[in-house]
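Structure first, then comments.
Protein chains: 2
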Amino acid sequence: MKEYRVKVEVKLKPVVLDPQGKSVLSALRNLGFGEVEDARIGKLIELTIKDGDSGNVEERVTEMCRKLLSNPVIENFDVKVEEKNV
Amino acid sequence: MKEYRVKVEVKLKPVVLDPQGKSVLSALRNLGFGEVEDARIGKLIELTIKDGDSGNVEERVTEMCRKLLSNPVIENFDVKVEEKNV
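Residue numbers (the working numbering), protein chains in the order written: chain P, 933 to 1018; chain Y, 933 to 1018.
Here's what the structure looks like:
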């Protein structure tokens, strides 16, 4: 039985407007950080997974993203699997 | 003038309860992903920064994190600077 730490990055697609990012951008500029050109906000999901079969962890997490973790209409996701010391 | 892409990961400190993560965990299990042991949700902030002085981009973004992007009482942050082709 191996343990994995999986990092999932969920970002809005580049064509989708990001009002939260725009508001962070304008707040940063008001604070004096004029060098910031753009800001976009996404989600970072960290999963701990226990599984005997190493091969299909990435595949299973991709399925989780499609079914629950992301909205495929407006978001892209990226899965990174790291093996963990148990 | 160089352009940088900066990725900021903001995560709840390990000792802080994460109700959103718990609810994702239970939803994943109900969907049949019983191998998931834990889930924690953080923020991913992507900044585009234009700056002449390469040295202090990381320092400036760390200041942004302290002042606006994170809540240092309950969150940790991690800054990664990439140079971008302009």
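Just so it is clear, CB atoms sit at the ideal spot from N, CA and C, and this is done for glycine as well.
- A Cβ of chain P is located within less than 8 angstroms of the beta carbon of I973 of chain Y.
- Between V940 of chain Y and V989 of chain Y, the CB-CB gap reaches or exceeds 8 angstroms.
- A direct Cα-Cα distance of roughly 22 angstroms separates I981 of chain P from N1003 of chain P.
- Rounded to the nearest angstrom, the gap between the Cα atoms of V1013 of chain P and V956 of chain P is 30 angstroms.
- The way I'd put it, the stretch 941–951 of chain P does touch the stretch 962–980 of chain P; three or more beta-carbon pairs between them come closer than 8 angstroms.
- Near chain Y, meaning a CB-to-CB distance below 8 angstroms, the residues of the stretch 955–982 of chain P are V956, A959, L960, L963, F965, E967, V968, E969, D970, A971, R972, I973, G974, K975, L976, I977, E978, L979, T980, I981 and K982.
- Interface with chain P (8 angstroms Cβ-Cβ cutoff): R998 of chain Y is excluded.
- Restricting attention to Y:M933, Y:E967 and Y:T994, the CA atom closest to the CA of L979 of chain Y is found in Y:T994.
- For L960 of chain Y, the enclosing alpha helix (DSSP H) starts and ends at P951 to N962.
- Under the criterion of beta carbons closer than 8 angstroms, K954 of chain Y and E1007 of chain Y do not qualify as touching, at roughly 17 angstroms.
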